[in-house]
Every structure is written in structure tokens, then in C-alpha cells.
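Using our numbering, read the sequence shown as starting at 74 and increasing by one per residue. Glycine included, each C-beta is placed from N, C-alpha and C at the ideal position. Here the structure is a predicted model, which means the values were calculated and not measured. A quick write-up on the structure given underneath.
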Amino acid sequence: MKEARVTRHETTLAAAVRGDDDALAVLVRTYHHRLYRFGLRVCRDGYDADDAVQEAFVKLAGRADVVKHPGALSWLMTVVRNACMRMLRPFARQRRALGDQVGDDVEVPSGQIDPREAIERLELVQAVHAAIATLERPYREVLLMRDLEGMTGEETCVALGLELATMKTRLHRARTKLRDELTRSIADVSSPRENTCDAPAADHGVRRR
């Protein structure tokens with residue numbers, strides 16, 4: 074007789090679907106931070122991201138089929154992504170780019186770190202976020218899910234509705250585009266400017282006595 078094994082996570086999901094508020098609270102605590110960070114990067118607005126996350130949990134509570142889903146996180150991220158896209162479509166709002174500010178999840182360097190090193194780290198983080206913001210949405214999404222959120226290839230495919238080969242190709246192109254953009258931006262910052270102070274003084278016809 075083959076006995077089915079039910080994980081604690083699946084038990085929590087099943088309880089949440091049955092209307093157990095405590096189980097739903099556990100899921101909220103487990104996934105809220107990652108979902109909010111993802112929603113913030115997609116929506117680029119804290120209020121919209123929060124609304125999208127709430128919508129995801131409300132939908133989760135009413136979907137018994139999610140229990141059979143290979144990954145609740147990827148399902149929730151799909152709901153958050155779709156909610157953000159729906160909110161962005163009707164409004165041609167100018168939103169701040171991803172690199173305009175560093176999110177709350179970025180650690181503040183401690184006092185033991187050299188101030189110059191801390192500034193360099195902060196500038197690097199800002200450069201990476203700014204470079205990600207330049208990517209087209211399909212590339213940005215797959216890069217965020219795989220490299221920033223740490224989702225598996227299977228979870229990313231489910232969340233984006235892609236075949237594995239397509240996801241891998243898109244991720245490779247996204248990483249290449251990101252590397253090229255970072256290389257370009259760093260080159261622009263570090264390129265030496267023409268220093269006229271070091272040039273030999275020109276003879277303007279002033280004679281020495």
C-alpha cells in the first residue's frame with residue numbers, strides 16, 4: 074500500500090483553502106516579503122505592489138487547485154505580475170526607473186566598512202538596478218525571477234508561461250544585455266576626461282624680460 078506523503082507546506086496550503094485564517098497568515102508571513110519586492114520591481118510603485126500582493130493572497134485563499142500546483146510561490150508571483158500589468162496598462166503614468174533609488178532590501182553598510190568602499194558598493198548597486206531598468210520587460214522579468222528572487226527554472230517557466238528552452242534563451246540574452254549595459258555605463262563614468270590643467274601652457278606671444 075502506497076502511503077501518500079503530505080508536507081507541512083501542503084498541509085498549510087490546504088488549510089488556507091479551507092478558510093483557516095491562521096494557515097493563511099502563515100503563507101502571508103512566508104511569501105509576503107519576496108512577493109512585495111517582486112511586485113515593486115514590476116509595478117515600480119509601492120501602493121500598486123501592495124495591492125497586487127494582497128490580490129494574490131485573496132485569490133490563493135479561494136483556489137483549491139493551487140494545492141496541487143508544483144510551486145505556490147511561482148503561482149503567487151504570476152498573480153502579482155498579472156495584477157501589476159493590469160494596473161500599468163490603463164494608465165500612461167510616468168514612473169520612476171528601477172535605478173532611481175535603492176530599495177529597502179539593500180543593506181546599509183556598517184561603520185566598520187571604509188566610507189569610500191561603502192560609497193563604491195552603493196554606486197555599484199545603483200548601477201545594477203539602473204541597468205536592469207533598461208531591459209525590455211520580458212528580459213527584466215526572467216532576470217528578476219531567476220537571479221534576484223532565486224526562483225528555479227521550473228518555477229520561472231510556470232510563472233511566465235514559457236517552455237524551458239525559451240526561458241533559458243531569454244535569460245541568457247537578459248544577462249548578456251545586462252552585462253553590456255553595465256560595461257557601457259561603467260566605461261562612461263570611468264573614461265578619462267581631457268585635462269587641460271596638465272597640458273603645457275600655450276605661448277600667447279608674451280615675451281619674458
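With a cut-off of 8 Å on the beta carbons, I'd call residue i and residue j a contact; round off their distance for me.
{"i": "Cys157", "j": "Gly223", "result": "Actually they do not touch by this definition, with Cβ atoms about 20 Å apart."}
{"i": "Leu293", "j": "Ile205", "result": "Look at the range of the chain in this structure, 74 to 282, and you will see that residue 293 is not part of it."}
{"i": "Arg219", "j": "Thr207", "result": "With 8 Å as the limit, Arg219 and Thr207 do not qualify as a contact, their Cβ atoms being about 18 Å apart."}
{"i": "Val201", "j": "Arg243", "result": "Not a contact, Cβ separation roughly 19 Å."}
{"i": "Tyr109", "j": "Val126", "result": "5 Å"}
{"i": "Arg154", "j": "Ala232", "result": "7 Å"}
Got a sec: does the ligand HEM put a non-hydrogen atom nearer than 6 Å to the Cβ of residue i?
{"i": "Leu251", "result": "As presented, the structure is devoid of all ligands, the ligand HEM included, so that no description of it is given."}
In terms of residues, what are the limits of the alpha helix (DSSP H) holding residue i?
{"i": "Leu108", "result": "94 to 116"}
{"i": "Thr229", "result": "226 to 233"}
{"i": "Arg210", "result": "210 to 216"}
Within its chain, find whatever has a CB closer than 7 Å to the CB of residue i; leave out the 5 residues flanking it on each side and keep chain order.
{"i": "Thr85", "result": "Ala96, Val99, Leu100"}
{"i": "Asp254", "result": "Here the sequence assigns Glu to residue 254, which means Asp is not the residue at that position. Result list for Glu254: Ala204, Thr207, in chain order."}
{"i": "Asp121", "result": "Cys157, Met160"}
{"i": "Ala88", "result": "Ala96"}
{"i": "Arg246", "result": "Tyr212"}
{"i": "Val152", "result": "Glu128, Ala129, Lys132"}
{"i": "Arg102", "result": "none"}
Go through its chain and collect everything with a Cβ distance to residue i's Cβ below 8 Å, but skip five positions before and after it.
{"i": "Glu236", "result": "Cys230"}
{"i": "Arg248", "result": "Leu216, Asp220"}
{"i": "Asn268", "result": "Low confidence applies here, because Asn268 scores a pLDDT of 49, under 50, leaving its location unreliable; read the following figure in that light. Excluding residues within five positions, none has a Cβ falling inside 8 Å."}
{"i": "Ser258", "result": "Ala200, Ala203, Ala204"}
{"i": "Gly226", "result": "Arg219, Leu237, Met240, Lys241"}
{"i": "Asp123", "result": "Tyr109, Gly112"}
Closer than 6 Å by C-beta to residue i: which residues in its own chain qualify, once you throw out the five before and the five after it? Chain order, please.
{"i": "Glu128", "result": "Ala156"}
{"i": "His105", "result": "none"}
{"i": "Arg81", "result": "none"}
{"i": "Gly92", "result": "none"}
Unbroken beta strand (DSSP E) runs of length 3 or more, entirely within the segment 237 to 265: which are they? none
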